[in-house]
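J.: Would you mind keeping the following structure in view while I ask a few things?
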Amino acid sequence: LEAIYKEGRLTDFTIVAGDRELPAHQVILSARSPVFAAMLEPHTDEAKNSRVVFRDIDFEVMQELLLYMYSGRCPNLSTMALELLAAADRFQLPGLKDMADQVLRNGLMVESACRYLVFADMHNARELKADAVKFIAQNSSSVISTDGWAELVQEHPALVTEIVGAISNFDSRPASVSSSSSSPGMSLHVLRNGLMVESACRYLVFADMHNARELKADAVKFIAQNSSSVISEGLETFSLAIIGEACESRKMEIFV
1 LEAIYKEGRL
11 TDFTIVAGDR
21 ELPAHQVILS
31 ARSPVFAAML
41 EPHTDEAKNS
51 RVVFRDIDFE
61 VMQELLLYMY
71 SGRCPNLSTM
81 ALELLAAADR
91 FQLPGLKDMA
101 DQVLRNGLMV
111 ESACRYLVFA
121 DMHNARELKA
131 DAVKFIAQNS
141 SSVISTDGWA
151 ELVQEHPALV
161 TEIVGAISNF
171 DSRPASVSSS
181 SSSPGMSLHV
191 LRNGLMVESA
201 CRYLVFADMH
211 NARELKADAV
221 KFIAQNSSSV
231 ISEGLETFSL
241 AIIGEACESR
251 KMEIFV
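Structure, rendered in C-alpha cells:
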C-alpha cells in the first residue's frame, strides 16, 4: 500500500492542504478513518466532487497522516507530534494518536509543559494530560516563571485547578511517604511565592477549593495589601464570600 500511495497509482480522490494536492484512494481513506468514511458517503459533496479542501491543516502534516494511513509508519513523528496528535484525534486514528502521545509525554520540558497540557485537554489525550499535570506539579518552581504558566492562569483556570489539586494531594500525604518521592518545587509554597496581581484571585479560589490553607491565607493577605491593583484586574468575577475574607483581613471595604 505504501508503494501505491507514493507512486500515486489508480487514485480516485484528491485532498488539498496548504494549497497543494495529495492524491489518494477512497477505499483506503474509508477503511482507516471513520471520519473519511462518513465524508465519502455517496450523497456528500466530497464524494460527488472526489475532492476535499482542508484550509486548517498544513500540507506536510496531511502528507504524514496519509503515509501513516497507508503504511502504519510515521517517520517525521518526532518533529510534528503536536500537529499529528491533533490530526489523529480529528480523523479518529487511535494508533497514530497513541504514537504522538508517547512522543510528547517523553518530551515534556519546563518551557513546553503548560502548552502540552492545554493541547492534551483540547484533544482528549488523557495520558499526556496526566503526565503534564504531574510534571508541572513536580517542577512548579520553574514552570510558574514561564509565559506558558501565565497564559494558563489567565485562559485556562480549570487546568490550574487540577494542578493545584495535584500539589495539594501531594502535600497532604504523610511525611514518610512524600519525602521518598518529592522533588524540588513540588509544594504549595512555590505558588505562594509566585502570587501576582493578575493571578492572586484565581489562586485564592483554587486554594479554597482544595483546602490549601497556607496558600489561601497568603492570597487573602496579598489581595488585601494590593487591593486597588487587584480590583482593576477583574476582582468582581470572583466569589464575593472569598473576597470578603480579604476585606476583613484589612478591616476595609472593597466595592465591586
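Just so we're aligned, residue 1 is where the sequence shown starts under full-length UniProt numbering, counting upward by one.
Think of the CB as a built atom: it goes at the ideal place given N, C-alpha and C, for glycine as much as any other residue.
(1) So, for L1: in the same chain, excluding its five sequence neighbours on each side, which residues have a beta-carbon less than 6 Å away from its beta-carbon?
(2) Name the residue from S141, A120, F135 whose alpha carbon lies nearest to the alpha carbon of H156.
(3) Name the two residues that bound the continuous alpha helix (DSSP H) containing E60.
(4) Using the beta-carbon count (16 or more within 10 Å), is G148 buried or exposed?
(5) What residue range is occupied by the uninterrupted beta strand (DSSP E) comprising V16?
(6) Count the other CB atoms, across all protein chains shown, that sit within 10 Å of the CB of A113; report buried if there are 16 or more and exposed otherwise.
(7) For T14 and V52, I'd like the C-alpha separation in whole angstroms.
(8) Nearest to M109 by alpha carbon, out of L84, L96, N139?
(9) If I'm right that L84 touches A100 with Cβ under 8 Å, what's the distance once you round it to whole angstroms?
(10) Count the C-beta pairs between the region 23-31 and the region 4-12 that are closer than 8 Å, then say yes if the count reaches three, no if not.
(11) What residues match up with V153 in a beta bridge as DSSP calls it?
(12) Is L128 closer than 9 Å to S33 when the C-beta atoms are compared?
(13) Of the residues S30, A212, P75, L204, which one's Cα is nearest the Cα of L96?
(14) Could you spell out the range, first to last residue, of the beta strand (DSSP E) harbouring P75?
(15) With DSSP as the reference, label R55 as helix, strand or coil.
(16) Would you kindly work out how many angstroms separate the C-alpha atoms of D208 and F222, rounded to a whole number?
(17) Cα separation between D98 and A224?
(18) Using 10 angstroms around the beta-carbon of E162, count the other beta-carbons present and answer buried if the total reaches 16, otherwise exposed.
(19) Is the distance from the Cβ of F206 to the Cβ of V164 below 9 Å?
(20) Under three-state DSSP, which class holds P94?
(21) Apply the 10 Å Cβ neighbour rule to M62 and answer buried if 16 or more other Cβ atoms are within range, or exposed otherwise.
(22) May I ask which residues mark the beginning and end of the beta strand (DSSP E) holding R20?
(23) Would you kindly check if the distance between the Cβ of E64 and the Cβ of M80 is under 9 Å?
(24) Please classify L10 as buried or exposed, where buried requires at least 16 other C-beta atoms within 10 Å of its C-beta.
(25) Figure out for me which residue from V133, E151, A150, L195 has the closest Cα to the Cα of S168.
(26) Which residue comes first and which comes last in the alpha helix (DSSP H) that contains S140?
T.: According to the data block:
(1) Counted from its first residue, the sequence shown places residue 1 at position 1. Excluding residues up to 5 positions away in sequence, Y70 lie with their Cβ nearer than 6 Å to the Cβ of L1 in the same chain.
(2) Numbered from 1 along the sequence shown, position 156 holds the residue referred to as residue 156. Checked all of S141, A120, F135; the closest Cα to H156 is A120.
(3) For the purposes of this step, residue 60 is identified with residue 60 of the sequence shown, where counting begins at 1. Note, E60: alpha helix (DSSP H), 59-71.
(4) Against the sequence shown, residue 148 aligns to sequence position 148. Buried is the label assigned to G148, since at least 16 other Cβ atoms lie within 10 Å of its Cβ.
(5) The residue given as residue 16 occupies position 16 in the sequence shown. Segment 13-17, the beta strand (DSSP E) holding V16.
(6) By one-based count along the sequence shown, residue 113 stands at place 113. It is buried - the Cβ of A113 has at least 16 other Cβ atoms within 10 Å.
(7) Indexing the sequence shown from 1 puts residue 14 at position 14. Indexing the sequence shown from 1 puts residue 52 at position 52. Approximately 7 Å, taken between the alpha carbons.
(8) Residue mapping note: residue 109 aligns to position 109 of the sequence shown, counting from 1. Considering only alpha carbons, the answer is N139.
(9) Taking the sequence shown and counting its residues from 1, one reaches residue 84 at position 84. Taking the sequence shown and counting its residues from 1, one reaches residue 100 at position 100. About 5 Å separates the two Cβ atoms, so the contact holds.
(10) Put simply, the region 23-31 touches the region 4-12. At least three CB pairs are less than 8 Å apart.
(11) Working through the sequence shown from its first residue, we reach residue 153 at position 153. In the DSSP assignment, no residue is bridged to V153.
(12) Here the question's residue 33 lines up with position 33 in the sequence shown. Here the question's residue 128 lines up with position 128 in the sequence shown. No.
(13) Working through the sequence shown from its first residue, we reach residue 96 at position 96. Across the set S30, A212, P75, L204, the C-alpha of P75 shows the shortest separation from the C-alpha of L96.
(14) Position 75 of the sequence shown, counted from the first residue, corresponds to residue 75. DSSP places P75 in no beta strand (DSSP E); its state is neither H nor E.
(15) For the purposes of this step, residue 55 is taken as the residue at position 55 of the sequence shown. Annotated three-state conformation of R55 is coil, per DSSP.
(16) Numbered from its first residue, the sequence shown carries residue 208 at position 208. Numbered from its first residue, the sequence shown carries residue 222 at position 222. Distance between the alpha carbons of D208 and F222: 15 Å.
(17) Taking the sequence shown and counting its residues from 1, one reaches residue 98 at position 98. Taking the sequence shown and counting its residues from 1, one reaches residue 224 at position 224. If you take the alpha carbons of D98 and A224, they lie about 47 Å apart.
(18) Position 162 of the sequence shown, counted from the first residue, corresponds to residue 162. E162 comes out buried.
(19) Taking the first residue of the sequence shown as position 1, residue 206 is located at position 206. Taking the first residue of the sequence shown as position 1, residue 164 is located at position 164. Yes, the pair counts as a contact, with Cβ atoms nearer than the cut-off.
(20) Taking the first residue of the sequence shown as 1, we reach residue 94 at position 94. Under the three-state reduction of DSSP, P94 is assigned to helix.
(21) One-based indexing of the sequence shown puts residue 62 at position 62. A buried status is given to M62, since no fewer than 16 other beta-carbon atoms sit within 10 Å of its beta-carbon.
(22) Locating residue 20 in the sequence shown gives position 20, where the first residue counts as 1. From DSSP, the beta strand (DSSP E) with R20 extends over 20-24.
(23) Here the question's residue 80 lines up with position 80 in the sequence shown. Here the question's residue 64 lines up with position 64 in the sequence shown. Yes.
(24) Position 10 of the sequence shown, counted from the first residue, corresponds to residue 10. Exposed, by the Cβ-count rule.
(25) Numbered from its first residue, the sequence shown carries residue 168 at position 168. Looking at the Cα atoms, V133 is the closest of the given residues.
(26) Locating residue 140 in the sequence shown gives position 140, counting from the first residue. Per DSSP, S140 belongs to the alpha helix (DSSP H) from 140-143.
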